[in-house]
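Residue numbers (UniProt numbering): 1 to 396.
Down below is the structure, laid out as structure tokens.
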């Protein structure tokens, strides 16, 4: 019987094998979802100049007399460079975002102005309505740390800072292998087992912008398995397999990996589902050997593979966020084994709750996100209303 590794020790073993990745420079248009390889410092101030926050009139309030009319000297659009400098009771009509002349100290919004007998009168506003140069971001200020994943808001900010290209981490290439003669991609066959794990993993990798190739279903043949594994270890940075992990004569994977010169680091974990998860190295490449049972495959993928890829891409970004949450289900389990439950976690009346994915309907009025609730190994049961550790996997 294989010796089972403690769940958290297994996680440490996996993450300790994470390797540094290369980087590449991409255009801003290609930046969505990419992870920064280096921190970004702002090359300019933002705003780049003093600018109006409102449509209205910019003036030099310090030298002007508000009891007397103002004279409009010019009109400035958001694309104009102001050449006129307002003197006493001079006004420049400005649009939101217009550059403000150096000696102007106030923008009077349109609603604070009135026209009497063809003369412009302005009411002194309490606020200046001017965004000062560098008031949002200073030149050389750090914008994002290395390891930051870019979204659409980040790209807008980088464009505003006149940054057109960014250095990002190159994602690892993953080879995906399914094993077992019983697996098929035929949905209409009554007696077949659809390869649901393939659809789960490839969808997740697509969402995370991780390049991958599917190497097909390998039957229970040591020679064929050895050939596919050897080729995968030469072409891909990470290898994943599904199925063939049971403690039986059909478990060919670990023996084949050893015969190819590889090393098996984990031969099972004290957790359910996922007990038969294994982890190995072959030709310097990590091999994630996932159980074929869909529930085990999903939990193992979220608990081991995704944090591993995340650490490769962003080594300083930290691990999952773990929180205590109140569970809304009862559970009995075997003492000495962790229980990993696919849950949805949500806030309700100021508290954090986790609901079993399969048994509870969360009200539409509550927003939830994916999570894994971990029931401690020393417990035989847990009841509704008790707390447990919950790994928040909301970015998956």
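Glycine included, every Cβ here is placed at the ideal spot set by N, Cα and C.
Buried or exposed by the 16-neighbour rule on C-beta atoms within 10 Å, applied to residue 212: buried
Segment limits, alpha helix (DSSP H) that includes residue 233: 222-235
Sequence-distant residues of its chain with Cβ nearer than 7 angstroms to residue 6 (five each side left out): 270
Option in 233, 103, 377 and 272 with minimal Cα separation from residue 83: 103
Local conformation of residue 249 per DSSP, three classes: Note that residue 249 scores a pLDDT of 46, beneath 50, so its modelled location is shaky and nothing firm can be said.
Assumed close pair residue 64, residue 88 - CB separation to whole angstroms, cut-off 8 angstroms: 6 angstroms
Residue 239 classed as buried or exposed, judged by whether at least 16 other C-beta atoms fall within 10 angstroms: buried
Contacting residues, own chain, Cβ-Cβ under 8 angstroms from residue 23 (five flanking each side not counted): 37, 38, 167, 168, 169 and 170
Same chain, Cβ closer than 7 angstroms to residue 371, neighbours up to 5 away in sequence not counted: 343, 344, 345, 354, 390, 391, 392 and 393
Status (buried if at least 16 other CB within 10 Å, exposed otherwise) for residue 397: Given a span of 1 to 396 for the chain in the structure shown, any question on residue 397 remains unanswerable.
Cross-strand partners of residue 398 (DSSP beta bridge): Residue 398 is absent from the structure shown; the chain starts at 1 and stops at 396.
Which residues DSSP lists as bridging residue 109, in chain order: 56
Cβ-Cβ distance between residue 133 and residue 9 below 9 angstroms: no
Under 9 angstroms between C-beta atoms of residue 306 and residue 241: no
Residue closest to residue 397, alpha-carbon to alpha-carbon, out of 143, 179, 172 and 178: Residue 397 is absent from the structure shown; the chain starts at 1 and stops at 396.
Status (buried if at least 16 other CB within 10 Å, exposed otherwise) for residue 59: buried
Run of the alpha helix (DSSP H) containing residue 11, from where it starts to where it stops: 7-16
Residue 126 in three-state terms, based on DSSP: coil
Whole-angstrom distance between residue 309 and residue 172, CA atom to CA atom: 8 angstroms
Anticipated Cβ contact below 8 angstroms, residue 91 with residue 70, distance rounded: 4 angstroms
Euclidean distance between Cα positions of residue 356 and residue 229: 36 angstroms
Extent of the continuous beta strand (DSSP E) to which residue 340 belongs: 338-348
First through last residue of the alpha helix (DSSP H) which encompasses residue 205: 196-207
Status (buried if at least 16 other CB within 10 Å, exposed otherwise) for residue 159: exposed
For residue 262 and residue 13, the rounded distance between their alpha carbons: 16 angstroms
Buried/exposed call for residue 110, threshold 16 Cβ in 10 Å: exposed
Selection from 41, 42 and 25 that minimises the alpha carbon distance to residue 398: Summary: the structure shown does not reach residue 398, with the chain confined to residues 1 through 396, and so no result is reported for it.
Top-ranked residue by Cα proximity to residue 73, from 101, 51, 304 and 339: 101
Selected residue, minimal CA-CA separation from residue 196, among 217, 210 and 209: 217
Residue 32 classed as buried or exposed, judged by whether at least 16 other C-beta atoms fall within 10 angstroms: exposed
Residues near residue 40 by beta carbon distance below 6 angstroms, same chain, minus five either side: 143 and 144
Exposed unless 16 or more other CB atoms sit within 10 angstroms - verdict on residue 358: exposed
Contact under 9 angstroms by Cβ, residue 244 with residue 175: no
Span of the beta strand (DSSP E) around residue 321: 321-327
Secondary structure of residue 22, DSSP reduced to three states: coil
Whole-angstrom distance between residue 203 and residue 267, CA atom to CA atom: 27 angstroms
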